[in-house]
Amino acid sequence: MVRTMQFAWAEIRHGWVTFVVSGESGRLRASVGDGIDAPRLLLNAMSALLNGAAAVTFSFDGEPTEIRWNMQMIRGELKVSISLHPQWGEEENVKTPWVEEGLPLLALAEVIHRETEFLINSLGEEGYREAWALHGTPTDALKELKSSIERVRANSG
Numbered sequence: 233m234v235r236t237m238q239f240a241w242a243e244i245r246h247g248w249v250t251f252v253v254s255g256e257s258g259r260l261r262a263s264v265g266d267g268i269d270a271p272r273l274l275l276n277a278m279s280a281l282l283n284g285a286a287a288v289t290f291s292f293d294g295e296p297t298e299i300r301w302n303m304q305m306i307r308g309e310l311k312v313s314i315s316l317h318p319q320w321g322e323e324e325n326v327k328t329p330w331v332e333e334g335l336p337l338l339a340l341a342e343v344i345h346r347e348t349e350f351l352i353n354s355l356g357e358e359g360y361r362e363a364w365a366l367h368g369t370p371t372d373a374l375k376e377l378k379s380s381i382e383r384v385r386a387n388s389g
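Residue numbering for the sequence shown follows the working numbering, beginning at 233 and increasing consecutively.
Written out as C-alpha cells, the structure reads:
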C-alpha cells in the first residue's frame, strides 16, 4: 500500500501563514511567522530531495516555537518528521507530533508545488507581497521545483 501525505497552505494573513499536514499518523496544523520564508524553504527542500539529496532539515518560525522539518530518503521512500521546539535550537522537551514514513517523494513534491502555486495565484502577486511582506513571491523556487518534477518524471518513464 502506498502511503500518502496531504499538505495545504490553509491561510495567509499579514505576516502569518498556516499550513496543514495529514496522513496515516494524524494531522498537524500550525501557523508560522514571516521571520523565515516558509513557502520558499519548503519548495527548496523538495527540489533538493528530487535532485538527489539524502536528507534536508529546515525550520519554520512559530514565534517563539521552532517548527523543525526533517525529511530523509530511506530505501527510495521519504520519511517526514515535524518536531516542535519551545525555543529555537532547543533539543530537550521536544514534541514530535507528526511523523510519516514510506512516502513517494514525487507525489509529495507535486502536492507541495500545486498547493504553493494555488496560494500565490489565489492572492495574486500583489496580494501575496502584501500578506508576506518580508519576502518576495517564491516564483524562482516554484519554477525550480516544477523543473525538478518534470526531470524526475522524464527519467522514470
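Glycine included, every Cβ here is placed at the ideal spot set by N, Cα and C.
Taking the Cα of Trp-248 as reference, the smallest distance to any Cα among Met-278, Trp-320, Ile-306, Ala-262 is reached at Ala-262.
According to the DSSP secondary-structure assignment, Gln-238 is paired through a beta bridge with Ser-254.
Counting C-beta pairs closer than 8 Å gives three or more between the segment 302 to 314 and the segment 332 to 339, which meets the contact rule.
Leu-274 places its beta carbon 8 Å or farther from that of Trp-330. By the criterion of a C-beta distance shorter than 7 Å, Asp-293 is surrounded in its chain by Val-264, Gly-265, Gly-267, Ile-268, once the five residues flanking it on both sides are discounted. Taken atom to atom, the span from the alpha-carbon of Glu-256 to that of Ala-363 is near 32 Å. Put simply, of Val-384, Ser-354, Arg-383 the residue whose alpha carbon is nearest the alpha carbon of Arg-245 is Ser-354. Taken through DSSP and simplified to helix, strand or coil, Val-288 comes out as strand. One Cα belongs to Ala-285, the other to Thr-236, and the distance between them is close to 21 Å.
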